[in-house]
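If you're matching them up, the sequences are chains A and B in order. Under the numbering used here, read the first sequence as residues 392 to 603, first letter to last. Under the numbering used here, read the second sequence as residues 149 to 705, first letter to last. Don't be surprised by glycine CBs; every beta carbon is placed ideally from N, CA and C. Treat the numbers as computed from the prediction; the structure is a model and nothing was measured.
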Amino acid sequence: MTSSSHALVPSEHSPVAGLAHDQRGGISNPVLGMLLFITSEVMFFGGLFAAYFSVRANAQQWPPDDFSHTLQILPLVGPATILLISSSFTCQFAVWAIRRDDRTAFLRNMTVTVALGVIFLLMQATDYSVLGSEGLTLSSGTFGTTYYTLTGFHGAHVFGGVIMLSVVLYRGMAGQFSSRHHDAVEGASLYWHFVDVVWILLFSLLYLLPGT
Amino acid sequence: MATTALTPAASAYRSGLYAWLTTTDHKKIGILYLINSFVFFFIAGILVLVVRAELAQPGLQLVDDAFYNELFSMHATVMIFVFIIPVLAGFGNFVVPLQIGAPDMAFPRINAMSFWMLPLGGILLMLGFVTGGAAAAGWTSYPPLSNDQPLAAVGSGQDLWIVGLVLIGTSSILGSINFLVTIFKMRAPGMTLFRMPILVWTVLVTSVLVLMATPVITSALIMLFIDRNYGGSFFDPRLGGDPILYQNVFWFYSHPAVYVMILPAMGMISEILPVFSRKPLFGYKAFVFATAGIGALGFSVWAHHMFTTGAVYLPFFSLMTFLIAVPTGVKMFNWIFTLWRGQLTLATPLLFALGFLSMFLIGGINGAFSASVPVDFALHDTYWVVAHLHYVLFGGSVFGVMAGFYFWFPKMTGRMLSETVGKIQFVLMFVGFNLTFFPMHELGLAGMPRRIADYSSAAGWNDMNMLATIGGFTIAVSMVPFLWNVFVSLRSGKLAGDDPWEGNTLEWGTSSPPPPYNFDHLPEIRSERPLFDLRHGRTHAGATMPDPAPQPTHSAG
Numbered sequence: 392m393t394s395s396s397h398a399l400v401p402s403e404h405s406p407v408a409g410l411a412h413d414q415r416g417g418i419s420n421p422v423l424g425m426l427l428f429i430t431s432e433v434m435f436f437g438g439l440f441a442a443y444f445s446v447r448a449n450a451q452q453w454p455p456d457d458f459s460h461t462l463q464i465l466p467l468v469g470p471a472t473i474l475l476i477s478s479s480f481t482c483q484f485a486v487w488a489i490r491r492d493d494r495t496a497f498l499r500n501m502t503v504t505v506a507l508g509v510i511f512l513l514m515q516a517t518d519y520s521v522l523g524s525e526g527l528t529l530s531s532g533t534f535g536t537t538y539y540t541l542t543g544f545h546g547a548h549v550f551g552g553v554i555m556l557s558v559v560l561y562r563g564m565a566g567q568f569s570s571r572h573h574d575a576v577e578g579a580s581l582y583w584h585f586v587d588v589v590w591i592l593l594f595s596l597l598y599l600l601p602g603t
Numbered sequence: 149m150a151t152t153a154l155t156p157a158a159s160a161y162r163s164g165l166y167a168w169l170t171t172t173d174h175k176k177i178g179i180l181y182l183i184n185s186f187v188f189f190f191i192a193g194i195l196v197l198v199v200r201a202e203l204a205q206p207g208l209q210l211v212d213d214a215f216y217n218e219l220f221s222m223h224a225t226v227m228i229f230v231f232i233i234p235v236l237a238g239f240g241n242f243v244v245p246l247q248i249g250a251p252d253m254a255f256p257r258i259n260a261m262s263f264w265m266l267p268l269g270g271i272l273l274m275l276g277f278v279t280g281g282a283a284a285a286g287w288t289s290y291p292p293l294s295n296d297q298p299l300a301a302v303g304s305g306q307d308l309w310i311v312g313l314v315l316i317g318t319s320s321i322l323g324s325i326n327f328l329v330t331i332f333k334m335r336a337p338g339m340t341l342f343r344m345p346i347l348v349w350t351v352l353v354t355s356v357l358v359l360m361a362t363p364v365i366t367s368a369l370i371m372l373f374i375d376r377n378y379g380g381s382f383f384d385p386r387l388g389g390d391p392i393l394y395q396n397v398f399w400f401y402s403h404p405a406v407y408v409m410i411l412p413a414m415g416m417i418s419e420i421l422p423v424f425s426r427k428p429l430f431g432y433k434a435f436v437f438a439t440a441g442i443g444a445l446g447f448s449v450w451a452h453h454m455f456t457t458g459a460v461y462l463p464f465f466s467l468m469t470f471l472i473a474v475p476t477g478v479k480m481f482n483w484i485f486t487l488w489r490g491q492l493t494l495a496t497p498l499l500f501a502l503g504f505l506s507m508f509l510i511g512g513i514n515g516a517f518s519a520s521v522p523v524d525f526a527l528h529d530t531y532w533v534v535a536h537l538h539y540v541l542f543g544g545s546v547f548g549v550m551a552g553f554y555f556w557f558p559k560m561t562g563r564m565l566s567e568t569v570g571k572i573q574f575v576l577m578f579v580g581f582n583l584t585f586f587p588m589h590e591l592g593l594a595g596m597p598r599r600i601a602d603y604s605s606a607a608g609w610n611d612m613n614m615l616a617t618i619g620g621f622t623i624a625v626s627m628v629p630f631l632w633n634v635f636v637s638l639r640s641g642k643l644a645g646d647d648p649w650e651g652n653t654l655e656w657g658t659s660s661p662p663p664p665y666n667f668d669h670l671p672e673i674r675s676e677r678p679l680f681d682l683r684h685g686r687t688h689a690g691a692t693m694p695d696p697a698p699q700p701t702h703s704a705g
């Protein structure tokens, strides 16, 4: 019943070992909250993906003739994908750094992560303007509608993630994080990984899956 | 038995308006939820009184068709999204941290944010009435009706409806995360999962449903918004879209939402029946597993709303729908055997709980009819469905809410509601409810479609409609003693003391209203009824303050 008996719970045996722990072992409230929030985000994208599959399965031809060569991996989307995946790694390096109290490496990796996120968003904006000039818009049939809705909501989540990571970076520069206190870093990092995974799925669907 | 000696008086809440607007105390936020929900309950009630007045006789006497569509659409939307779901979340907010012996919710500021999104969302929904017409495509807002400009209501009502619902949905999601973390991480020492009160279990399952289902309707609403405003073609068959897709995504949320609207009410009943029959709940574990079973099965029955579209696999969804009656039946027997040979005290909370039991039984049976595909083909979109859903949502949820309100009002305010006035309210509400909705079975069987403003006087529906309208106004009248009771009791009600009902769960072990930090002492927790154990000398009161951050006995993993 006393707190001391719980402080002895060996946290390294916990299934969530490695995540930020509160003093008595187990997963911390903010990290659990973030995992649950990500669960709800999975369901949100699940709804959009379901719509995409349904619309695509109903289509006679996918992509439609007008846009059969519109979506190209090079020169923009492929490099943007590589950048986003790299940012997931730098983000995790930052988390590992703060877990061993290496604030310099934490700040360096976090800065790179934020920068990569911003570059991804700029590349996506450029891509949108190129596609727009080629005639692919939100209102050009189900192909355009699903493309812009899926990538647009992913972009919005990247934007949200960049904001989150920027707050973490700012707080990190103010010296607020240490190996014992960095729930915000863990939470923001989990979110960033999620955003990354969504992009990998999206990229595979939109660019790699052969058309019909 | 009291474990604290604070003065029981409403004065603990008598801080200024600013303190209420900025509070992060789960008890005050819970009360704000209740106040906000009841305000919108009365608004949606007034809307439907106009509907019932219009339907009393054949012909259009009061409103035109277009305004009638707005009235019933907004009645359902407001009742579901701004009354029933939030009012149950409000009880959860007030009671759950107390019942698990926690000082507050896990994220108090997010809790405040979840609440304040609700009045904002409700106002956005209602704003349509002053900007050229509220949403008028029913609470389901199926495209093409909600999509195609020539068909849909002109003005921005439908868009405001979408934005308002996305906001309210976000509030629900944040609330569910808060509940889950609170329940998993903030339980007092000794409060294992299987010693949690049933209400906490039902809130847990409800939160999982909200967490998994609400984002899906958010995606449906956003797709609808894109279709309406940015030339999207998700649901427009002329451009390659599919209107049935909306129905699938919509009901993937909205059927689990049905359980979001009933499970916490079931939990409240399960707290009230044992207290007023002086017996433990019959089959605690069976009840827990039945609740989890309803939650799990709830995700596999959504297409029973779409039998007549011809676009869903009928045998599967029919079978799953029948299956979900099994855990629900288990619960009926839990409740009945709790009452069986109990020492019943027919206080107002128990009366409303019995109202729940009997009316929800009818709602379950007339619902099981529609699970059968051929019967559903005949009854689809008739008043039978209106009768069914009101027996579940009004006869179930609202009676449950009233039971919970009479039960926990003393804990919230330190004062008792009048038993006499409460019983008058119960009788009026019970009679009015059955008068309104029982005839609708008859109307449905006679073929009257829902969502119509007018009907032929030769159709033979006149008498039943008149009866339903009289019943509807009787329900409205039953709100007068309710409001009177609350008003008088707040000013001069009998002081409640810590534990007016001889309750079983931890909230009755602190003062009424509880102090901001909830507990001075916690009794030992050795069962799901710690206060009962304490009263009967099975355990002793805790001698020390609990650790400020209570220890969970199980790690969340």
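Buried or exposed, going by whether 16 or more other CB atoms sit within 10 Å of the CB of Asn559/B?
This sequence places Lys at residue 559/B; Asn is not what is there. Only buried fits Lys559/B, as 16 or more other CB atoms lie within 10 angstroms of its CB.
Quick one, which residues of the region 503 to 523 of chain A are near chain B if we go by CB-CB under 8 Å, in chain order?
With the criterion set as a beta carbon lying under 8 Å from some beta carbon of chain B, the region 503 to 523 of chain A has no members that meet it.
Tell me whether the region 623 to 643 of chain B and the region 235 to 254 of chain B touch, counting them as touching only if at least three CB pairs, one residue from each stretch, are closer than 8 Å.
In short, these stretches do not touch, since the Cβ pair count stays below three.
Does Leu427/A have its Cβ less than 8 Å from a Cβ in chain B?
yes
Check this for me: beta carbons of Pro587/B and Met564/B, under 8 Å apart or not?
no
In DSSP terms, what Thr530/B is bridged to
According to DSSP, Thr530/B bridges with Pro597/B.
Just verifying my parser: in three-state terms, what is the DSSP assignment at Ala250/B?
Note: Ala250/B maps to coil in three-state DSSP.
Which whole-angstrom value describes the C-beta separation of Leu273/B and Leu219/B, a residue pair presumed to lie in contact below a C-beta threshold of 8 Å?
Not really, about 13 Å apart at Cβ, beyond 8 Å.
Are the CB atoms of Leu583/B and Gly619/B within a distance shorter than 8 Å?
yes
Measuring only between beta-carbons, confirm whether Ala565/A sits less than 8 Å from chain B.
no
For Ala485/A, count neighbouring Cβ atoms within 10 angstroms of its own Cβ and tell me buried if that reaches 16, exposed if not.
buried
Quick check on Ile418/A: does DSSP put it in helix, strand or coil?
strand
Measure the CB-CB distance between Phe188/B and Val226/B and report whether it falls below 8 Å.
yes
Compare the Cα-Cα distances from Phe435/A to each of Ser367/B, Tyr531/B, His536/B and report the closest residue.
Ser367/B
Please report the residue range of the alpha helix (DSSP H) in which Lys433/B lies.
432 to 445
Is Arg426/B helix, strand or coil when you go by DSSP?
coil
Which runs of the alpha helix (DSSP H), 4 residues or longer, sit entirely within the region 172 to 207 of chain B?
Counting whole runs of 4 or more residues, the region 172 to 207 of chain B contains the alpha helix (DSSP H) stretches 174 to 203.
Which chain B residues are close to Ala575/A, counting only those with a beta carbon under 9 Å from its beta carbon?
What Ala575/A touches in chain B: nothing, since even the nearest Cβ is about 13 Å away.
According to DSSP, simplified to helix, strand and coil, what is Leu411/B?
helix
Kindly indicate which residue of Phe263/B, Arg489/B, Ala516/B has the alpha-carbon position closest to the one of Ile472/B.
Ala516/B
Take every Cβ of the region 455 to 474 of chain B, pair it with every Cβ of the region 381 to 388 of chain B, and state whether three or more of those distances are shorter than 8 Å.
no
Within chain B, the residues that Ser530/A reaches when beta carbons sit closer than 9 Å:
Those within 9 Å of Ser530/A in chain B are Tyr378, Gly379, Gly380, Ser381, Leu387.
I believe Thr504/A touches Cys482/A by the beta-carbon criterion, under 8 Å. Please report the beta-carbon distance rounded to the nearest angstrom.
The Cβ separation is near 5 Å, so the contact holds.
Can you tell me which of Arg677/B, Pro678/B, Ala624/B, Leu591/B puts its alpha carbon nearest to the alpha carbon of Leu203/B?
Per the Cα distances, Leu591/B.
8 Å is my cut-off, CB to CB: does Ile374/B come that close to chain A?
yes
Residues in its own chain within less than 8 Å of Gly641/B by CB, not counting five upstream and five downstream?
Thr561, Arg563, Met564, Leu565, Ser566
How is the alpha helix (DSSP H) around Trp583/A delimited, first residue to last?
574 to 594
Within chain B, partners of Phe435/A - CB distance below 8 Å
Pro363, Val364, Thr366, Ser367
To the nearest angstrom, report how far apart Asp574/A and Leu165/B are at their CA atoms.
34 Å
Among Ile623/B, Leu195/B, Thr318/B, Pro662/B, nearest to Ile572/B - alpha-carbon criterion:
Ile623/B
If we count the other Cβ atoms within 10 Å of its Cβ and call it buried at 16 or more, is Met507/B buried or exposed?
buried
When we look at the beta-carbon of Tyr216/B and count the other beta-carbons within 10 Å, is it buried (16 or more) or exposed?
buried
Under a CB-based cut-off of 8 Å, is Phe332/B close to chain A?
yes
Quick one: does Pro390/B have its CB under 8 Å from some CB of chain A?
The sequence shown places Asp at residue 390/B, rather than the Pro named in the question. Yes, contact with chain A.
Residue range of the alpha helix (DSSP H) that Phe635/B falls in?
For Phe635/B, the enclosing alpha helix (DSSP H) starts and ends at 610 to 640.
What would DSSP say about Leu293/B, mapped onto helix, strand or coil?
coil
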